[in-house]
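The next block holds one structure in the form of structure tokens; read it before the comments.
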Amino acid sequence: MGIGIHGETQEEIQRIEIQADPTYEPDDEAAAGGEAAAACGEEENPTKKKTRKTTSDVWKHFTRGMFNLMAATMAYATTVVKSKFQFMIMYLQGQQRGTSSMRNHIDKKCNKISRNKPEALQKLLQAKLGKRNALVAWRFDQMKCRKSLAKMVIAHEYPFSCVNHHFFREFLCELQPSFKIPSRTTLRADCMKIYEEEQVNLYEMFGQRVFCLVLDNASSNDACISELLYSTPMKDDLPIEGKIFHQRCGCHILNLIVHDGLNTMHKEINCIRKTMKWIKHSQGRIEKFKLACSQINVPYKKPQWDVPTRWNSTYLMLELALELKPAIMRYASLDKKFSKALSDSQWGILKELVKHLKVFYEATLKLSGTKYPTLNIFFSEFCEVYLTIKRMASNEYPFIANMGTQMHTKFNKYWSMGHSLLAIACVLDPRCKLDVVQYYMEEMCPDECENFISNIRECMSELYNEYVKAKAEEQGASDLNQPGMSKRHKSDVGASSMTSDRKAGLKDYLKGRKGTTGPKTELEEYLSSDRDDVRLDDDFDILGWWKMKEPRFPVLAQLTRDILAVPISTVASESAFSTSGRVLSQVKSSLSDESIEALLCAQDWLRVSIAETGKIIPAPLWTIEEEDINEEGQ
């Protein structure tokens, strides 16, 4: 057997198959001995033995080979080791057969290979990410590097084939030569493994604690909700028989309402859009616009236009245009070719439009939050939106009035779909209670206000009684698990039974003095108490408030915790203003359903874990930056 070693330099490392020396001619005895040994080997070993798998790292630099170097006088194999600069022959026999000699050869003769190979157990010093002047012990780990690579591909939506890109592989080799770059198949398997691990973590976290179901905004899911709502096993587990089960996504509803209204203002909005594009079309026009700003002493702001599918960008564009109105009018007098100037009446319409869109914009920002409960603020925000639409419908400008009418039609379509839970969450806010609900209902529907408040009280009482019953069953089960405690209490009561009999008349008298009202429940006590003197627009930790009041309202606090856990929006904040939806790229569309599900879910879970650590959240590729769009339009 022959063993060949690779070259010493990084550029010349290659596997060398050792060939027999062509000038070597064995004598007759050696040839006869070789043939005899071969014949003997055939008789003793009729079948070829399977070569054992090598595990030592020295085989990265040596290659095995078979040679006609058998001599009659040799009762053992000859191993040849060949490098670029020397040729040597070693005889290995018995306990000496192994890789120590080859390892010693690398350490003594192949300096560059030895210098580039850190010891497996040797730790290095590395600067810790996020901390200045902090050094920690570090050891190279192939599996950790592969996992980090898979997380990068998931979070930033890189294709699996990125590991085959030439310069990416060159970068990784320069960064860490010891890292074995996985294939695209192995990379996909690593991504699937991360998805499965995160999925198991979610199962362990939630277990049996399912509090709500969130579905996509698709009409086909209505059939799924009906099946869940009217199936017997599911209906038995739903609070108050599923009366507050189905809720709509708040941000989606606001998007539909705003887009229906903006369609009626297409002409005026398009005029502003063309104005922004005209000014930013060339550097000469930008310089002329800066001159116009300086002449009338208006701070220069970079013109930008909107993205049609994101109405918040339309609102920001119109708001910026109103700020730059004097500069735009001055620019119209400097640029004789500019013919897109708006009239005074059109500027007045845009001013009214921006004033009303601001309500929708701020409401969407509040409802798309992910770090605080949003269900308790939705009722008041939605009612403010309705009052804004009502004022728009009676506006002096016909365009604004028509826009308000379109929005009112869309609002009524969704307002009639299950708003009881919204009112209950508002009542459970100690700043609001029933007073805020009654105020808005008198403003919106005065004829239905009394019946609505009565239904909310009845619904809350029914829901509260279910929690009281569940709490009693839970306490009863805990009492059965402690028989010793029950016996002790029973004996204590029996010891004073004679005294209790003598005071029975006193108990009846005191009970009669209380009247017919009876003791108040937690719900009644909460509703009858004063509201907290906190402004509705201030930051308020409602979960912290109920945690502090839990000793006083144990059952009601548990009910509130479950109610506030329901999200009012099913979209992330970066998608709250968009109605375009997410469209898969051509590369992603070619993947299997299993791979797409794993990548999308794992990406969302990883982004949440990064946000919790306070690090930078990787922006998804489908998020369109307005600045990039403006640059592309030049």
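Quick note on UniProt numbering: the sequence shown kicks off at 1 and runs consecutively.
Backbone N, C-alpha and C define an ideal beta-carbon position, used for all residues, glycine too.
1) In this structure, does DSSP put F553 in helix, strand or coil?
2) Using the three-state DSSP reduction, which class does F168 fall into: helix, strand or coil?
3) Which residues does DSSP list as the beta-bridge partners of V307?
4) Are N395 and L428 closer than 8 Å when you measure CB to CB?
5) Where does S339 sit, in a helix, a strand or coil, going by DSSP?
6) DSSP state of L367, grouped into three classes?
7) Should D435 go down as buried or exposed, given a rule of 16 or more other Cβ atoms within 10 Å for buried?
8) Rank E381, R391, S380 by C-alpha distance to the C-alpha of K355 and give the top, closest one.
9) Assuming K280 contacts I286 (C-beta within less than 8 Å), just tell me the rounded distance between them.
10) Q199 and F140: beta carbons closer than 8 Å?
11) At the level of alpha carbons, what is the spacing between F399 and D533?
12) Mind checking which residues open and close the alpha helix (DSSP H) that includes D190?
13) Measuring straight from C-alpha to C-alpha, what distance separates C251 and L367?
14) Taking the straight line between their C-alpha atoms, what separation do you get for S178 and Y158?
15) Would DSSP call E427 helix, strand or coil?
16) Taking Cβ positions, are D335 and M317 nearer each other than 8 Å?
17) For A32, which residues of its own chain have a beta-carbon under 6 Å away from its beta-carbon, when the five flanking residues on both sides are left out?
18) Do V163 and C191 have their beta-carbon atoms positioned less than 8 Å apart in this structure?
19) Does the beta-carbon distance from L387 to E443 come in below 8 Å?
20) Kindly indicate which three-state DSSP category H105 falls into: helix, strand or coil?
21) How many whole angstroms separate the CB atoms of K193 and Q142, which I take to be in contact at a CB cut-off of 8 Å?
22) Measure the beta-carbon distance from L564 to L543 and round it to whole angstroms, keeping in mind my assumption that it falls under 8 Å.
23) Tell me whether T370 is buried or exposed, calling it buried when 16 or more other Cβ atoms sit within 10 Å of its Cβ.
24) Could you tell me the alpha carbon to alpha carbon distance between I456 and A423, rounded to whole angstroms?
25) With I286 as the anchor, note down where its alpha helix (DSSP H) starts and where it stops.
26) Using a Cβ distance threshold of 8 Å, determine whether the region 289-302 contacts the region 324-331, with at least three qualifying pairs required.
27) Measure how close the beta-carbons of M265 and L353 come, nearest whole angstrom, since I'm counting them as under 8 Å.
28) Can you check which of these residues, L559, F360, K340, is closest to A470 by C-alpha distance?
29) CA-CA distance, H408 and I389?
30) What three-state label does DSSP hand K53 in the structure shown?
31) Determine the direct distance from the alpha carbon of M205 to that of L421, and round the result to whole angstroms.
32) Which of helix, strand or coil does DSSP assign to P326?
33) Between L320 and Q346, which are expected to be in contact by the criterion C-beta below 8 Å, what is the C-beta distance as a whole number of angstroms?
34) If you draw a straight line from the C-alpha of A189 to the C-alpha of A150, how long is it?
This is what the structure gives:
1) Position 553 of the sequence shown, counted from the first residue, corresponds to residue 553. Of the three classes helix, strand and coil, the one that applies to F553 here is coil, per DSSP.
2) As a first step, residue 168 is located in the sequence shown; it is residue number 168 there, counting from the start. F168 falls in the helix class under three-state DSSP.
3) Here residue 307 is taken as the residue at index 307 of the sequence shown, counted from 1. DSSP lists R310 as partners of V307.
4) Working through the sequence shown from its first residue, we reach residue 395 at position 395. Working through the sequence shown from its first residue, we reach residue 428 at position 428. Contact flag unset, no.
5) Residue 339 sits at position 339 when you count from the first residue of the sequence shown. DSSP places S339 in coil when its eight states are reduced to three.
6) Taking the first residue of the sequence shown as 1, we reach residue 367 at position 367. Reduced to three states, the DSSP call for L367 is helix.
7) In the sequence shown, residue 435 corresponds to position 435, counting from 1. Its Cβ having fewer than 16 others within 10 Å, D435 is exposed.
8) Mapped onto the sequence shown, residue 355 falls at position 355. Considering only alpha carbons, the answer is R391.
9) To locate residue 280, count along the sequence shown from 1; it is residue 280. To locate residue 286, count along the sequence shown from 1; it is residue 286. Indeed they touch by this definition, with Cβ atoms about 6 Å apart.
10) For the purposes of this step, residue 199 is taken as residue 199 along the sequence shown, with counting starting at 1. For the purposes of this step, residue 140 is taken as residue 140 along the sequence shown, with counting starting at 1. Not closer than 8 Å, so no.
11) The sequence position of residue 399 within the sequence shown is 399, counting from 1. The sequence position of residue 533 within the sequence shown is 533, counting from 1. Roughly 41 Å between the two C-alpha positions.
12) Taking the first residue of the sequence shown as 1, we reach residue 190 at position 190. Note, D190: alpha helix (DSSP H), 184-206.
13) Against the sequence shown, residue 251 aligns to sequence position 251. Against the sequence shown, residue 367 aligns to sequence position 367. Approximately 7 Å between the Cα atoms of the pair.
14) Position 178 of the sequence shown, counting from 1, holds the residue named residue 178. Position 158 of the sequence shown, counting from 1, holds the residue named residue 158. For S178 and Y158, the distance between alpha carbons rounds to 23 Å.
15) Position 427 of the sequence shown, counted from the start, is the residue given in the question as residue 427. Just to set this straight, residue 427 is Val in the shown sequence, not Glu. V427: helix per DSSP, three-state reduction.
16) On the sequence shown, position 335 is the one that residue 335 refers to. On the sequence shown, position 317 is the one that residue 317 refers to. No. Outside cutoff.
17) The residue given as residue 32 occupies position 32 in the sequence shown. Reliability of the predicted coordinates at A32 is poor, the pLDDT of 44 falling under 50, and the value obtained from them is presented with this limitation in mind. Contacts found: none.
18) For the purposes of this step, residue 191 is taken as the residue at position 191 of the sequence shown. For the purposes of this step, residue 163 is taken as the residue at position 163 of the sequence shown. No.
19) Taking the first residue of the sequence shown as 1, we reach residue 387 at position 387. Taking the first residue of the sequence shown as 1, we reach residue 443 at position 443. Contact flag set, yes.
20) Residue mapping note: residue 105 aligns to position 105 of the sequence shown, counting from 1. If DSSP states are grouped into helix, strand and coil, H105 belongs with the helices.
21) As a position in the sequence shown, residue 193 is number 193, starting the count at 1. As a position in the sequence shown, residue 142 is number 142, starting the count at 1. With a Cβ gap of about 15 Å, K193 and Q142 do not count as contacting.
22) The residue given as residue 564 occupies position 564 in the sequence shown. The residue given as residue 543 occupies position 543 in the sequence shown. Sure, about 7 Å apart at Cβ, within 8 Å.
23) As a first step, residue 370 is located in the sequence shown; it is residue number 370 there, counting from the start. Burial call: exposed.
24) Start at 1 with the first residue of the sequence shown, and residue 456 comes out as number 456. Start at 1 with the first residue of the sequence shown, and residue 423 comes out as number 423. The alpha-carbon atoms of I456 and A423 are separated by roughly 7 Å.
25) Residue 286 sits at position 286 when you count from the first residue of the sequence shown. From DSSP, the alpha helix (DSSP H) with I286 extends over 283-295.
26) yes
27) On the sequence shown, position 265 is the one that residue 265 refers to. On the sequence shown, position 353 is the one that residue 353 refers to. Their Cβ separation, rounded to whole angstroms, is 6 Å, which keeps M265 and L353 in contact under 8 Å.
28) Taking the first residue of the sequence shown as position 1, residue 470 is located at position 470. Checking every option, the nearest Cα to that of A470 belongs to L559.
29) As a first step, residue 408 must be located in the sequence shown, where it is residue number 408. As a first step, residue 389 must be located in the sequence shown, where it is residue number 389. Those two C-alpha atoms are separated by around 6 Å.
30) Translated into the one-based positions of the sequence shown, residue 53 becomes position 53. In this structure, K53 counts as coil in the three-state DSSP scheme.
31) Residue mapping note: residue 421 aligns to position 421 of the sequence shown, counting from 1. Residue mapping note: residue 205 aligns to position 205 of the sequence shown, counting from 1. The alpha-carbon atoms of L421 and M205 are separated by roughly 26 Å.
32) Along the sequence shown, read from residue 1 onward, the residue named residue 326 stands at position 326. It is helical.
33) Counting from one through the sequence shown, the residue named residue 320 turns up at place 320. Counting from one through the sequence shown, the residue named residue 346 turns up at place 346. Actually they are not in contact, since the Cβ atoms of L320 and Q346 sit about 16 Å apart, beyond 8 Å.
34) The count along the sequence shown starts at 1 and reaches residue 189 at position 189. The count along the sequence shown starts at 1 and reaches residue 150 at position 150. Roughly 9 Å separates the two Cα atoms.
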